[in-house]
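In terms of the working numbering, the numbers along the sequence shown are unbroken and rise by one, the last being 663. For each residue, glycine too, the CB sits at the ideal point set by N, CA and C. Right, one structure below, let's go through it.
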Amino acid sequence: MRSLVRLFALLAYVMVSVAEARVVRLRIDRREPVLNGNAFGTAGAYEKLVGQVEFALNPALAANAGIVDLKLASRNAAGEVEFSADFYLLKPVDPAKFKGRLLYEVGNRGGKALLATFQKAARSADPTTEAEFGDGRLMAQGYALVWMGWQWDVPEGRMRMQMPIATEAGQPIKGRIRGNFILDARSTTAPLADRAHQAYPIADMADPEAFLTVRDSTDGKPQRLARGQWRFVDNNTVALDSGFEPGRIYDVVYTAKDPRVLGTGLAGTRDLISFFKHATQGNPLSGVKHATGWGISQSGRFLRHLLYEGFNEDEQGRRVFDGVIDEVGGAGRGSFNHRFGQASRDAEQFFNFLYPVDMFPFTDGDQSDPVTGAKGSLLGWARARGVEPKIFHVLSNSEYFNRAGSLVHTDVAGQRDIEPPANVRIYTVAAGPHFAGPFPPSQAAHLAAPLNPLNRNLIMRALLDAMDRWMDTGTAPPPSQMPRIANKTLTPSSNAGWPTIPGVKFPPPVLITYRLDFGPRWSQGIVDYEPPLLGKPYAALVPAVDKDGNAIAGIRMPSVQVPIGTYTGWNYRPPAIGAPEQFSGEAGAFFPLAATREARLSSGDSRLSFGERYSSRDEYLARIRQAARQLIQARFLLEADLPEVEDFAKAQFDWMSKPPAKP
1 MRSLVRLFAL LAYVMVSVAE ARVVRLRIDR REPVLNGNAF GTAGAYEKLV GQVEFALNPA
61 LAANAGIVDL KLASRNAAGE VEFSADFYLL KPVDPAKFKG RLLYEVGNRG GKALLATFQK
121 AARSADPTTE AEFGDGRLMA QGYALVWMGW QWDVPEGRMR MQMPIATEAG QPIKGRIRGN
181 FILDARSTTA PLADRAHQAY PIADMADPEA FLTVRDSTDG KPQRLARGQW RFVDNNTVAL
241 DSGFEPGRIY DVVYTAKDPR VLGTGLAGTR DLISFFKHAT QGNPLSGVKH ATGWGISQSG
301 RFLRHLLYEG FNEDEQGRRV FDGVIDEVGG AGRGSFNHRF GQASRDAEQF FNFLYPVDMF
361 PFTDGDQSDP VTGAKGSLLG WARARGVEPK IFHVLSNSEY FNRAGSLVHT DVAGQRDIEP
421 PANVRIYTVA AGPHFAGPFP PSQAAHLAAP LNPLNRNLIM RALLDAMDRW MDTGTAPPPS
481 QMPRIANKTL TPSSNAGWPT IPGVKFPPPV LITYRLDFGP RWSQGIVDYE PPLLGKPYAA
541 LVPAVDKDGN AIAGIRMPSV QVPIGTYTGW NYRPPAIGAP EQFSGEAGAF FPLAATREAR
601 LSSGDSRLSF GERYSSRDEY LARIRQAARQ LIQARFLLEA DLPEVEDFAK AQFDWMSKPP
661 AKP
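What follows is the structure, encoded as structure tokens:
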């Protein structure tokens, strides 16, 4: 069997007509049955196809005109720019059992989260076991599940794209770039790139014009460190003789070379989906009825960027994604199509400062900026060309503090709500974290409080069903659920209605989102000012909370409606790692209720205690079931997932009911 697979891999070069798609070759290096051919419902057996997808782009086409530096990349004999990417597909073995639904995950920094989110699976870069395929729900419905690498710089072992390098008259292009970092422990070295990614090559290791600064706040005055006190170790590392101090903000600005043509990630995504939808030659997914793009966090921002820059229209003028689910992408886009862009960089309250992420416009409908005079919308291009998809924006509590979330649905001054267009829904998961922690709650060394254990995956499963019905039958999804200025559920942080919780600082800080000036050539995708010049900040509003400290508006999970504590989208840094007044990344936090009235009063906790709320386990579980039934009726929870809600509630109650550990 294995020898046959190897033979197939050698022969599996699927040629595609260039008139049908800009995918010119789908190279399948590995084709194997999933779980030894076990059937997934009526869809039957599945297979896994793994390999490379090869592209070619004509820089002269109008559809490719927005790709920064594409005209400066090397070309083949036909005058096209070539590039390739890792490719991964799960599909029914029997083509007749493919139901026409394509779900594409824009992998977050080269990873795979789709099966964990929608099939309750264990995470894996190459799912093989039953646990790594989970409950198989999407596969039983005949979905095709697709992944592709779209970054060049991800760490080894993740899906990546081999992007072309731009040159000018045969010579390397150079430009200013900035590495930004905050360490959690003292160290003599630090990374130039984000989160173990690969940095651009340094043009001159001894460059006297390079400089390193340190400051303690976003708007603090940077202090330059003497050039003789620090040095580049290699293309990825900088060293400081006296050591980098934890909790301080460092920036190193230097001249890099060999910029990648980052916009090929957007174009490649466009062309791969278009190929699956329309190609008649060599297409393993003939019969795609609709394609949905899903991205979480960074990859949600990628989808927002794709829509904004017109890449939801293929080279023939056809719609690419019929549905888009942007999960916890916040208000931003990203460094996905400019010279020397670092795609991994985001912008958080105390991490990755002043990158081109939260840039106007923010809303799907038209808006204006009274400070700059700019006008626009996220969907302006798609609307003008008639290729708008149906869209879900899903926000957690974290995005309002860490990712400028309120700008998704307010004006830039924070004075009024902006309703989404008819093809858009905005769903805020009240009190939810950017990413869920374990239960029982645990606390890492870089956190001041245990992680928020609320997991929104069950909500996402229901929302995907709603998106499918919207595309298949036109059945409208549930109305948007988000906090609003008009009813005072969206407010400045100082007015949110915080409770008193022993040891917790209120109000928590909020990301300051500035108008940024990257220089006169920014409209061409070239950065001249690094770091950028700061303009007036945009408004920052957060969800108002109830007397327990849990957000009032949005989709309230049963554990929020019937709480055993306060759930937040933010978590402070502990004193041991510096800057304890600031957030630790995008981590959420959990603050349990006091066990008894006496404990509450003695500690000064303003929240009603656990013992005062619930007379018995049965009462607690009955209230949880009632809350879950309300979500099922509202189509934010599947009936099939009710047992999991009940099991989590039982675990929460039993954990809170344990006697305190002896000192």
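Asparagine 397: buried (16+ other C-beta within 10 angstroms of its C-beta) or exposed? Against the sequence shown, residue 397 aligns to sequence position 397. Buried, because 16 or more other Cβ atoms sit within 10 Å of the Cβ of asparagine 397.
Sequence-distant residues of its chain with Cβ nearer than 8 Å to alanine 196 (five each side left out): Within the sequence shown, residue 196 is the residue found at index 196, counting from 1. Only Pro155 meet the Cβ criterion.
So, tyrosine 677 versus methionine 139, is the Cβ gap smaller than 8 Å? Residue 677 lies beyond the stretch modelled for the chain, which goes from 1 to 663, so this question has no answer here.
Sub-8 Å separation of tryptophan 381 and leucine 114 beta-carbons: Numbered from its first residue, the sequence shown carries residue 381 at position 381. Numbered from its first residue, the sequence shown carries residue 114 at position 114. No. Outside cutoff.
Under the rule that 16 or more other beta-carbon atoms within 10 Å means buried, what is tyrosine 88, buried or exposed? One-based indexing of the sequence shown puts residue 88 at position 88. Its Cβ being crowded by 16 or more others within 10 Å, tyrosine 88 is buried.
Kindly list the residues whose CB is nearer than 8 Å to the CB of aspartate 472, restricted to its own chain and excluding five residues on each side of it in sequence; keep chain order. For the purposes of this step, residue 472 is taken as residue 472 along the sequence shown, with counting starting at 1. Lys289, His290, listed in sequence order.
Give me the Cα-Cα distance between alanine 431 and valine 560, rounded to the nearest whole angstrom. Stepping through the sequence shown from its first residue, residue 431 is reached at position 431. Stepping through the sequence shown from its first residue, residue 560 is reached at position 560. The alpha-carbon atoms of alanine 431 and valine 560 are separated by roughly 7 Å.
Cα separation between tyrosine 200 and aspartate 258? Working through the sequence shown from its first residue, we reach residue 200 at position 200. Working through the sequence shown from its first residue, we reach residue 258 at position 258. Between tyrosine 200 and aspartate 258, the C-alpha separation is close to 7 Å.
Excluding the 5 residues preceding and the 5 following glutamate 388 in the sequence, name in chain order all residues of the same chain whose CB lies nearer than 7 Å to its CB. Position 388 of the sequence shown, counting from 1, holds the residue named residue 388. These residues qualify, in order along the chain: Leu379, Ala382, Asn423.
Whose C-alpha, out of Arg318, Ala343, Glu348, Val504, is nearest the C-alpha of glycine 330? In the sequence shown, residue 330 corresponds to position 330, counting from 1. For glycine 330, the nearest C-alpha among the options comes from Glu348.
Find the nearest neighbour of leucine 103 within the set Gly604, Asp322, Val23, judged by alpha-carbon distance. Here residue 103 refers to the residue found at position 103 of the sequence shown. Per the Cα distances, Asp322.
Where DSSP assigns a beta bridge to arginine 148, which residues make up the other side? Stepping through the sequence shown from its first residue, residue 148 is reached at position 148. Residue 148 is actually methionine in this sequence, not arginine. Paired residues: Phe87.
Cutoff 7 Å; reference serine 442; Cβ partners in own chain excluding five residues on either side: Walking along the sequence shown from the start, residue 442 turns up at place 442. Contacts found: Pro450, Leu451.
Of the listed residues Trp522, Pro537, Ser523, Phe518, nearest to tyrosine 529 (C-alpha basis): Reading the sequence shown from its first residue, position 529 is the one you call residue 529. Measuring from the Cα of tyrosine 529, the nearest candidate turns out to be Phe518.
By a C-beta neighbour count over all protein chains shown, 10 Å radius and 16 as the cutoff for buried, is alanine 21 buried or exposed? Reading the sequence shown from its first residue, position 21 is the one you call residue 21. Interpretation of alanine 21 is limited by its pLDDT of 49, a score under 50 that renders its predicted location unreliable; the figure taken from the coordinates is listed afterwards. Buried, by the Cβ-count rule.
Please classify glutamate 619 as buried or exposed, where buried requires at least 16 other C-beta atoms within 10 Å of its C-beta. The count along the sequence shown starts at 1 and reaches residue 619 at position 619. By the neighbour-count rule (16 or more Cβ atoms within 10 Å), glutamate 619 is not buried but exposed.
In whole angstroms, what is the alpha-carbon distance linking glutamine 481 and arginine 215? The sequence position of residue 481 within the sequence shown is 481, counting from 1. The sequence position of residue 215 within the sequence shown is 215, counting from 1. Cα to Cα, glutamine 481 sits roughly 39 Å from arginine 215.
State the beta-bridge partners of glycine 323 as determined by DSSP. If you number the sequence shown from 1, residue 323 lands on position 323. The partner list for glycine 323 (beta bridge, DSSP) reads Thr292, Lys390.
Rounded C-beta distance between threonine 500 and aspartate 605? I'm assuming under 8 Å. One-based indexing of the sequence shown puts residue 500 at position 500. One-based indexing of the sequence shown puts residue 605 at position 605. Indeed they touch by this definition, with Cβ atoms about 7 Å apart.
Grouping DSSP H, G and I as helix and E and B as strand, with all else coil, what is methionine 205? Translated into positions along the sequence shown, residue 205 becomes position 205. In the structure shown, methionine 205 sits in coil (DSSP, three-state: anything other than H, G, I, E or B).
What number of angstroms, rounded off, separates the C-alpha of glutamate 586 from the C-alpha of glutamate 399? To locate residue 586, count along the sequence shown from 1; it is residue 586. To locate residue 399, count along the sequence shown from 1; it is residue 399. Each residue's alpha carbon lies about 8 Å from the other.
Looking at threonine 410 and aspartate 417, is the spacing between their C-beta atoms short of 8 Å? Within the sequence shown, numbered from 1, the residue matching residue 417 stands at position 417. Within the sequence shown, numbered from 1, the residue matching residue 410 stands at position 410. Cβ atoms of aspartate 417 and threonine 410: closer than 8 Å.
Residue range of the unbroken beta strand (DSSP E) whose run includes leucine 354: For the purposes of this step, residue 354 is identified with residue 354 of the sequence shown, where counting begins at 1. Element bounds for leucine 354: n/a, residue is neither H nor E.
Give the secondary structure of serine 124 by DSSP, where H, G and I count as helix, E and B as strand, and everything else as coil. Taking the sequence shown and counting its residues from 1, the one referred to as residue 124 is at position 124. Here serine 124 sits in coil by DSSP.
So arginine 158 and arginine 101 are in contact, right, with Cβ under 8 Å, and what is the actual spacing, rounded? Reading the sequence shown from its first residue, position 158 is the one you call residue 158. Reading the sequence shown from its first residue, position 101 is the one you call residue 101. With a Cβ gap of about 26 Å, arginine 158 and arginine 101 do not count as contacting.
Top-ranked residue by Cα proximity to alanine 649, from Ala640, Leu637, Ala622, Pro356: In the sequence shown, counting from the first residue as 1, residue 649 sits at position 649. Here the closest residue by C-alpha is Ala622.
Please classify arginine 425: does DSSP put it in a helix, a strand, or coil? On the sequence shown, position 425 is the one that residue 425 refers to. DSSP places arginine 425 in strand when its eight states are reduced to three.
According to the neighbour-count rule (16 or more other Cβ atoms, all chains shown, within 10 Å of its Cβ), is glutamate 105 buried or exposed? Within the sequence shown, residue 105 is the residue found at index 105, counting from 1. Its Cβ being crowded by 16 or more others within 10 Å, glutamate 105 is buried.
With the cut-off set at 8 Å, would you say isoleucine 624 and glutamate 646 are in Cβ contact? Counted from its first residue, the sequence shown places residue 624 at position 624. Counted from its first residue, the sequence shown places residue 646 at position 646. In this structure, glutamate 646 lies closer than 8 Å to isoleucine 624 by Cβ.
Beta-carbon proximity of aspartate 266 to threonine 237, cut-off 8 Å: Taking the first residue of the sequence shown as position 1, residue 266 is located at position 266. Taking the first residue of the sequence shown as position 1, residue 237 is located at position 237. The amino acid at residue 266 is misidentified as aspartate; the sequence shows leucine. Taking 8 Å as the Cβ cut-off, leucine 266 and threonine 237 do not qualify as a contacting pair.
Provide the residue(s) that pair with arginine 30 in DSSP beta bridges, ordered along the chain. If you number the sequence shown from 1, residue 30 lands on position 30. DSSP lists Val50 as partners of arginine 30.
Output yes or no for whether 8 Å exceeds the beta carbon distance between valine 361 and serine 344. On the sequence shown, residue 361 is found 361 positions in, with the first residue counted as 1. On the sequence shown, residue 344 is found 344 positions in, with the first residue counted as 1. First, the amino acid is wrong: residue 361 is proline here, not valine. Not a contact, by the Cβ cut-off of 8 Å.
To the nearest whole angstrom, what separates the beta carbons of proline 543 and proline 483, a pair I think is in contact under 8 Å? As a working mapping, residue 543 is identified with position 543 in the sequence shown. As a working mapping, residue 483 is identified with position 483 in the sequence shown. So it is a contact: roughly 4 Å between Cβ atoms.
Examine the Cβ distances between the segment 78-87 and the segment 42-59 and report whether three or more of them are shorter than 8 Å. yes
Do you know how far the Cα of proline 574 is from the Cα of valine 504? As a working note, residue 504 is residue 504 in the sequence shown. As a working note, residue 574 is residue 574 in the sequence shown. In a straight line, the C-alpha of valine 504 is about 12 Å away from that of proline 574.
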